[in-house]
Amino acid sequence: MVPGTPAPGDVWAALHSVRRSGPLVHNITNYVAMDLSANVLLAAGASPAMVHARDEAAEFAGIAGALVVNIGTLSPEWVAAMLDAATVARDRGIPWVLDPVAVGATSYRTRTASDLLALRPAVIRGNASEILALAGAAGRGKGVDSTDSSSDAVDAAGELATKTGAVVAVTGEIDVVTDGRRSVQVAGGHPLMARVTAMGCAASAVTGAFAAVVDDLFLATAAALAVLGLAGARAAVDAPGPGTLRWRLLDELHMLDEATVLEGTRIS
Amino acid sequence: MVPGTPAPGDVWAALHSVRRSGPLVHNITNYVAMDLSANVLLAAGASPAMVHARDEAAEFAGIAGALVVNIGTLSPEWVAAMLDAATVARDRGIPWVLDPVAVGATSYRTRTASDLLALRPAVIRGNASEILALAGAAGRGKGVDSTDSSSDAVDAAGELATKTGAVVAVTGEIDVVTDGRRSVQVAGGHPLMARVTAMGCAASAVTGAFAAVVDDLFLATAAALAVLGLAGARAAVDAPGPGTLRWRLLDELHMLDEATVLEGTRIS
Amino acid sequence: MVPGTPAPGDVWAALHSVRRSGPLVHNITNYVAMDLSANVLLAAGASPAMVHARDEAAEFAGIAGALVVNIGTLSPEWVAAMLDAATVARDRGIPWVLDPVAVGATSYRTRTASDLLALRPAVIRGNASEILALAGAAGRGKGVDSTDSSSDAVDAAGELATKTGAVVAVTGEIDVVTDGRRSVQVAGGHPLMARVTAMGCAASAVTGAFAAVVDDLFLATAAALAVLGLAGARAAVDAPGPGTLRWRLLDELHMLDEATVLEGTRIS
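Residue numbers (our numbering), protein chains in the order written: chain A, 1 to 268; chain B, 1 to 268; chain C, 1 to 268.
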């Protein structure tokens, strides 16, 4: 095991800390993702808020434990609020997570992601196509679903981490987390999760909750993905389809106990 | 029992009236709450509509049986539409419900809630932190989840009701409903309901449906909360987590029959 | 059987084609419908994207397999984006579906629907009240739920199809699909589906997915409605309420196999 690899006990400690602290997570996320993100955060023990008006986003970011900015559904007003809120987060040392949904699909998205990147997100989470596009490599994404595999994006993720100072997570069949020096793989989840909308966005939201309470953001990110993957894998057992998976995931996340996390964490 | 306390038979009559009339409930509510609010209204027998454009909100309010204004996710255009629609509702005697989500958390929210309050909502529903903040007391809310208990807010609710002429509901472990003269407690629900996003918003939406068909708004509000609490408590039986609770709540609300309501109503 | 009536084998071939191609479906749809629409599209095998900013809607429409425009929740910016995207779709021969939610309820809605109609949608799907209103007949709709039956709207649908060149679908207890020359009835579904919000919007979204991969849009529309109705009817078996129905619908849609489609399709 690579030195610095989070142990199952670290993952449990991180989840326990989220539950105990109930961190306020400020989300500026897309319309499709709001419901699942809020419910996943509540099931994980955090306290979600969705605040995007330019008149209040910056003020609200200042009282949050973490900020999650997801560019899934954009508009000029929202982009302005994202930049305002991210600036406050950066200036005050509040960790903020960038989810560059479908970056590369339109020039507006690419420009917005680039402007946000300049505000130094603490964590970046995307699928392989998005991370490749963000790193300037040749993403071949179509819309929001990845057409590249995580492993293709590993090099791009490392470069992106080194260049930006962020922890970068590429999620897919196997998740990869890197800070440019350390790099781990997080196994878990289930293919059916890709048939539930906004599951990747929910992963970003949960990462925000963990980043709010765990100082080591590399650990926070790996732990968040491990926990969500574990809940998803358990939810998928005998699930006939994505409808069942979605609600069971929330139940499993709510019920995860120490033994299950210690036994089920797969970080290497 | 205090005179004027709604009896179980009143609660059932109110639910039956919602189902028979299928009132059109106009919601200007936050993005996170729209799905659950619409589904709870449909499960209760009402007909929900979400209409927030300034070009049509006022016109639409005029054809609705009730209006629900929820400030969860704000923007200048929406605030203008909220004020337009509430003005129409007030002028035409259409009952309207104010849900002051996270009032006190930012100055924009506090200002907006104050402007809406001046348009004389028929009912105000919030958690303890929100009612305290709205009444000018020292709310200690963080985001949308209450950090105060309902009982702390009882005095504030009474003052708010007297000052505004509205029925005020403080929801939490025990709900309190007051019109400044009468005051009742509504028991029911389950702690797991707080782990499902927008459950409070859904309570406001259902209150709108009951206010559309029951003239006595004190009764309408207590009955709406009793019905939702009863459905929630039944949904929580053996529920492993919030995922299950959410869909079962809709089933239970849809299935509630006279015997169950008469037996399960807890208003005192 | 009328010549040109889609056979069960055609319906299965169409669903199989959606699953194999995973078409990118660009939705500009209302806030309430986004979650269910995206999940229904994923369960059907398509790849949904929700993109509504004026800065990117037209560009995105150009890379999509189909466009779905739903006027459920309007704002001036969105209407502009809808018109931009529909223009691109029309000019490039990308099939686009119009869902005229609650047209007739406000003048803003009626005006917007009329502007969109001028951009020649390939398919129009609405409930009876909406189709009557769109055809200029006397819709008596209240909000988004139909107060007319499908059969009342059959003549209006035929006229609308002839006038616009679109395939027109009127959904309700029995769905009717016509292109002005051919006309079929699609049986299936369950009354409980009307107690789940945005089910009609989801039908429009699925129609978009089928229109992206089946050249004959009359067949594509009938097949989409047959598939959704079949999944809904199966989901409703022993369902205690709308909560259960909603998630089971996604499971059933995901699981539909050839034998079930061949046996369960009811187009006449």
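Beta carbons: idealized from backbone N, C-alpha and C, even for Gly.
None of these values were measured; they are calculated from a predicted model.
For the alpha helix (DSSP H) that contains HIS254 (chain A), what are its first and last residues?
HIS254 (chain A) -> alpha helix (DSSP H) spans 242–255.
Please report the distance separating the alpha-carbon of TRP247 (chain B) from that of ALA236 (chain C).
For TRP247 (chain B) and ALA236 (chain C), the distance between alpha carbons rounds to 14 angstroms.
Classify SER114 (chain B): buried if its beta carbon has 16 or more other beta carbons within 10 angstroms, exposed otherwise.
SER114 (chain B) should be labelled exposed.
Distance, Cα to Cα, ALA166 (chain B) vs VAL97 (chain B)?
Those two C-alpha atoms are separated by around 9 angstroms.
Give a yes or no on whether 9 angstroms exceeds the smallest Cβ distance from HIS254 (chain A) to chain B.
At least one chain B Cβ lies under 9 angstroms of HIS254 (chain A).
What residues in its chain sit with their C-beta under 6 angstroms from that of THR265 (chain C), if we drop five residues either side in the sequence?
These residues qualify, in order along the chain: PRO8, VAL11 and ALA226.
Looking at C-alpha atoms only, which residue of C:VAL177, C:ASN70 and C:GLY172 is the closest neighbour of ILE267 (chain C)?
The shortest C-alpha separation from ILE267 (chain C) is found at C:VAL177.
Go ahead and pull the three-state DSSP assignment for ASN39 (chain A).
Residue state, collapsed to three classes: helix.
What residues from chain A crowd round THR106 (chain B), counting only those whose CB sits closer than 7 angstroms?
Within chain A, the residues near THR106 (chain B) are GLU56, GLU59 and PHE60.
Please list the terminal residues of the continuous beta strand (DSSP E) segment that includes GLY126 (chain A).
123–127 is the extent of the beta strand (DSSP E) around GLY126 (chain A).
Roughly how many angstroms separate the alpha carbons of SER17 (chain B) and ASP251 (chain B), rounded to a whole number?
Distance between the alpha carbons of SER17 (chain B) and ASP251 (chain B) is about 19 angstroms.
Tell me the DSSP secondary structure of ILE174 (chain B) in three-state form.
DSSP places ILE174 (chain B) in coil when its eight states are reduced to three.
Using a beta-carbon distance below 9 angstroms, is LEU250 (chain B) in contact with chain C?
Yes, LEU250 (chain B) counts as interfacial toward chain C.
To the nearest whole angstrom, what separates the beta carbons of ALA122 (chain C) and LEU217 (chain C), a pair I think is in contact under 8 angstroms?
That pair is a contact at about 5 angstroms.
Quick one: measure Cβ to Cβ for PRO240 (chain A) and MET255 (chain C), integer angstroms, because I've assumed they're closer than 8 angstroms.
Yes, PRO240 (chain A) and MET255 (chain C) are in contact; Cβ-Cβ is about 6 angstroms, under 8 angstroms.
Should VAL148 (chain C) be labelled buried (16 or more other beta-carbon atoms within 10 Å of its own) or exposed?
For the sequence presented, residue 148 (chain C) should be read as Asp rather than Val. By the 10 Å Cβ count, ASP148 (chain C) comes out buried.
Is there contact between the segment 56–69 of chain A and the segment 57–71 of chain B, where contact requires at least three CB pairs shorter than 8 angstroms?
They do not touch, by the three-pair rule.
Just checking ALA81 (chain B) against the ligand GDP - is the residue's beta carbon closer than 8 angstroms to any of the ligand's heavy atoms?
The ligand GDP is absent from the structure shown, which contains no ligand whatsoever.
Evaluate the contact criterion for the segment 43–55 of chain B versus the segment 70–90 of chain C: three or more CB pairs, one atom per stretch, below 8 angstroms.
With a cut-off of 8 angstroms, the segment 70–90 of chain C and the segment 43–55 of chain B count as touching, because enough Cβ pairs lie within range.
Evaluate GLY229 (chain C) with the Cβ neighbour count: other Cβ atoms within 10 Å of its Cβ, from every protein chain shown; 16 or more gives buried, anything less gives exposed.
Buried.
So what does DSSP say about LEU67 (chain B), is it helix, strand or coil?
Note: LEU67 (chain B) maps to strand in three-state DSSP.
Buried or exposed: where does PRO48 (chain C) fall if 16 or more other Cβ atoms within 10 Å of its Cβ makes it buried?
With 16 or more Cβ atoms within 10 Å of its Cβ, PRO48 (chain C) is classed as buried.
Can you give the Cα-Cα distance for GLY141 (chain A) and ALA128 (chain A), rounded to whole angstroms?
Only weak support exists for where GLY141 (chain A) lies, its pLDDT of 49 falling under 50; the value from the coordinates is given anyway. Cα to Cα, GLY141 (chain A) sits roughly 9 angstroms from ALA128 (chain A).
Which same chain residues, not among the five before or five after THR110 (chain C), have their C-beta less than 8 angstroms away from its C-beta?
Once the five neighbours on either side are set aside, the close Cβ partners of THR110 (chain C) are VAL103, GLY104 and ALA133.
If we count the other Cβ atoms within 10 Å of its Cβ and call it buried at 16 or more, is GLU130 (chain B) buried or exposed?
Counting Cβ neighbours within 10 Å, GLU130 (chain B) comes out buried, since at least 16 surround it.
At the 9 angstroms Cβ level, is HIS190 (chain B) part of the contact set with chain C, yes or no?
Not an interface residue.
Return the CA-CA distance between SER204 (chain C) and ASP99 (chain C), expressed in angstroms with no decimal places.
In a straight line, the C-alpha of SER204 (chain C) is about 6 angstroms away from that of ASP99 (chain C).
Measure from the C-beta of VAL261 (chain B) to each C-beta in chain A and report whether the shortest distance is under 9 angstroms.
Taking Cβ atoms only, chain A never reaches closer than 9 angstroms to VAL261 (chain B), which makes this a no.
Residues in its own chain within less than 8 angstroms of ARG120 (chain C) by CB, not counting five upstream and five downstream?
Once the five neighbours on either side are set aside, the close Cβ partners of ARG120 (chain C) are ARG90, THR164, GLY165 and ALA166.
Which residues in chain C have a C-beta closer than 8 angstroms to the C-beta of PRO100 (chain A)? List them in chain order.
Under the 8 angstroms cutoff, chain C gives no residues; its nearest Cβ is about 14 angstroms from PRO100 (chain A).
Could one say the Cβ of GLU77 (chain B) lies closer than 9 angstroms to chain C's Cβ atoms, at least one of them?
Cβ-Cβ to chain C under 9 angstroms: yes for GLU77 (chain B).
Take VAL168 (chain B) and list the residues in its own chain whose beta-carbon comes closer than 7 angstroms to its own, dropping the five residues that flank it on each side.
Answer for VAL168 (chain B): ILE124, ILE131, ALA157, LEU160, ALA161 and THR178, listed in chain order.
Should PRO6 (chain C) go down as buried or exposed, given a rule of 16 or more other Cβ atoms within 10 Å for buried?
It is buried - the Cβ of PRO6 (chain C) has at least 16 other Cβ atoms within 10 Å.
Less than 9 angstroms between CB atoms is the rule here; does ARG246 (chain A) satisfy it with respect to chain B?
Answer yes: the Cβ-Cβ gap between ARG246 (chain A) and chain B drops below 9 angstroms somewhere.
Helix, strand or coil for ALA194 (chain A), going by three-state DSSP, please let me know.
Here ALA194 (chain A) sits in helix by DSSP.
Can the beta-carbon of VAL101 (chain A) be found closer than 9 angstroms to that of GLY200 (chain A)?
It is a contact, given that the beta carbons lie within the stated cut-off.
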